[in-house]
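Take a look at the structure set out below.
Chains as they are written, first to last, in our numbering: chain A, 2 to 245; chain B, 106 to 410.
Printed below as a string of structure tokens:
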């Protein structure tokens, strides 16, 4: 665990040291705000809630999270530091976990920085702060799951651009699989239970539950299991592919 | 003691390392020689636990590198090829990070970072991002991280590759000073380095050991070993006279310089010297060759290729 903390600290420090962190944070804040105001009709809704704000989070994450996760392992592989790390007395689990947690905490910080919009809505009206808190939690969990997906894909390649594009595509598929329109595209002969299980694995299905203010342990578990599963896959990929 | 038993590594159909066995004792500086693609780096990666062997076994001071990887890694200091490090960190941050991973905290960590800072003369660049440093400094940062925990086993993959002559000399001095009671394995394809720092050399090619001995023993395998090369003034008959000596196997002229090869086991110096004074030749230069490692290297490795 101490080793995880060492990796975590180094990673988080490297975010602060590079412009990537600032670019990410600024773009996230600007887009999150403007989507809510321009497309979400934050004011027009005439309601004191943050639905308009949270509705766009999955689509923002779709591009921003892979931009964050693409370098996690691809960069280590390319610069040769993967070899250095893996010959230090530190377990693969600690490395994978430390790097992931740093990226996840970083997205958490970016998310916390959106709190002015929360203050605004409290100033303007009397929103259900429980729903907002649940939405924040759901948003952060979803970012974590997408980061875990991105971490696994970044471990597969030394090319960050490929890591980015593939992560966007995979995250997109995992998102839209729960969309009702997409669910309608499945051919008729496909069993309902199959379509529903695919939909049940979608980020969107579970995130929407949070956004409605329903804090169900199963949704929390879903994201945590997703994270654990993709991180395990990350470790397996690194172990298998470390030579090339 | 590092023991390597029948170590083999294949990548698909390609065999990079083929049944390698040797052991290295404390105090030895083993030079690992071979042409590019000989399997040097792959062997080192298996010793350090980065790659798992396809078959065979690596034991580092009693710890199996595959079964107890963390124990073995604690004992090893490793400089990977190209000395990779995190470019956005300064040497101070980077070395502190490596020290923390190796379990040091607080004053102990501080002391160790400062010790390698001094040992590798990094003070002038200690707070600049590593990516802005010259190749020589980057290499020194890489060496610093390899020795921060004062390891019993030091494995250096081409530590002087791409450095200028002064920097090469510095790195060699450092290795020589470190190696008192350590096991050091240095891979290189620069042969002068072997005579300069190693107590033992192994030549590998095609994943197999072709020669194993002290640098002197390897030099003795050269046909130049014990040969006399000299430059004579106005001695047209020198070549024909020298060949007549019973100890001489052959004489070659090379750009105004004569190289006299001995028959095996024969010493040439006395008879050649006698002949020179007898004939009254004027000698500009004369020396006895120790043997040429590069020639041994070429002969041995080309037999495989």
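Glycine included, each C-beta is placed from N, C-alpha and C at the ideal position.
Computed from a predicted structure; not experimentally measured.
Non-local beta-carbon contacts of residue 155(A) in its own chain, meaning distances under 6 Å to residues more than five positions away in sequence, involve 70, 71, 73, 74, 75, 164 in chain order. For residue 387(B), the enclosing beta strand (DSSP E) has its first and last residue at 387–393. Cβ proximity to chain B below 9 Å picks out nothing from the segment 97–122 of chain A. Contact between residue 277(B) and residue 133(B) fails: their C-beta atoms lie close to 16 Å from each other, not under 8 Å. For residue 126(B), the enclosing beta strand (DSSP E) starts and ends at 119–129.
Using a Cβ-Cβ cut-off of 8 Å, residue 209(B) does not count as an interface residue toward chain A, since no Cβ of chain A sits closer than that to its own.
Under the three-state reduction of DSSP, residue 109(B) is assigned to strand.
By the Cβ rule, the segment 186–193 of chain A does not count as touching the segment 217–224 of chain A, because fewer than three pairs are nearer than 8 Å. If you draw a straight line from the Cα of residue 54(A) to the Cα of residue 127(A), it is about 16 Å long. Cα atoms of residue 146(B) and residue 18(A): separation of roughly 33 Å, rounded to the nearest angstrom.
Taking C-beta atoms as the reference points, residue 140(A) and residue 101(A) fail to come closer than 8 Å. The DSSP assignment places 288–293, 305–310, 313–318, 333–338, 353–359 as complete runs of the beta strand (DSSP E) inside the segment 278–363 of chain B, in order along the chain (cut-off: 3 residues). Counting along the chain, no beta strand (DSSP E) covers residue 15(A); the unbroken alpha helix (DSSP H) around it starts and ends at 3–18.
Using a Cβ-Cβ cut-off of 8 Å, residue 85(A) is close to 183, 185, 189, 190, 250 of chain B, given in chain order. In the DSSP assignment, residue 91(A) falls outside any beta strand (DSSP E), carrying neither H nor E. Spanning the alpha carbons of residue 387(B) and residue 329(B) requires a straight line of approximately 23 Å. For residue 287(B), not one C-beta of chain A is nearer than 8 Å to its own C-beta. For residue 248(B), the enclosing alpha helix (DSSP H) covers residues 240–252. Of the candidates 393(B), 177(B), 394(B), 347(B), 347(B) places its Cα closest to the Cα of residue 379(B). Interface annotation for the segment 203–235 of chain A against chain B: empty, criterion Cβ-Cβ distance under 9 Å. Burial state of residue 274(B) is exposed, judged by a 10 Å Cβ sphere holding fewer than 16 other Cβ atoms. Using a CB distance cut-off of 8 Å, residue 70(A) does not count as an interface residue toward chain B. Annotated as distal: residue 253(B) and residue 166(B), with beta-carbon spacing of 8 Å or more.
Proximity of the segment 360–372 of chain B to the segment 289–309 of chain B falls short of the contact definition, fewer than three beta-carbon pairs being nearer than 8 Å. The beta carbon of residue 243(A) falls within 8 Å of a beta carbon belonging to chain B, placing the residue at that interface.
For residue 230(B), there is no enclosing alpha helix (DSSP H), as DSSP marks it with neither H nor E.
Residue 177(A) is positioned such that its CB atom lies no closer than 8 Å to that of residue 169(A). The alpha helix (DSSP H) runs lying completely inside the segment 137–165 of chain B and spanning 4 residues or more are 145–152, given in chain order. When C-beta distances to chain B are compared with 7 Å, the residues of the segment 4–23 of chain A below that value are 4, 7, 11, 15, 18, 19, in chain order.
Going by beta carbons, residue 157(B) and residue 312(B) fall outside the 8 Å limit.
Neighbours of residue 92(A) across chain B, judged by C-beta separation under 8 Å: 175. A residue is called buried once 16 or more other Cβ atoms fall within 10 Å of its Cβ, and residue 50(A) is buried on that count. Neighbours of residue 231(B) in chain A, taken as residues at a C-beta separation under 7 Å, are lacking, since the least C-beta distance is about 16 Å. According to the DSSP assignment, residue 205(A) belongs to the alpha helix (DSSP H) that extends over 204–212. Around residue 151(A), no beta-carbon contact reaches into chain B at under 8 Å, the shortest distance being about 20 Å.
Every unbroken stretch of the alpha helix (DSSP H) spanning 4 or more residues and falling wholly within the segment 81–143 of chain A is given here in chain order: 82–87, 93–113, 116–125.
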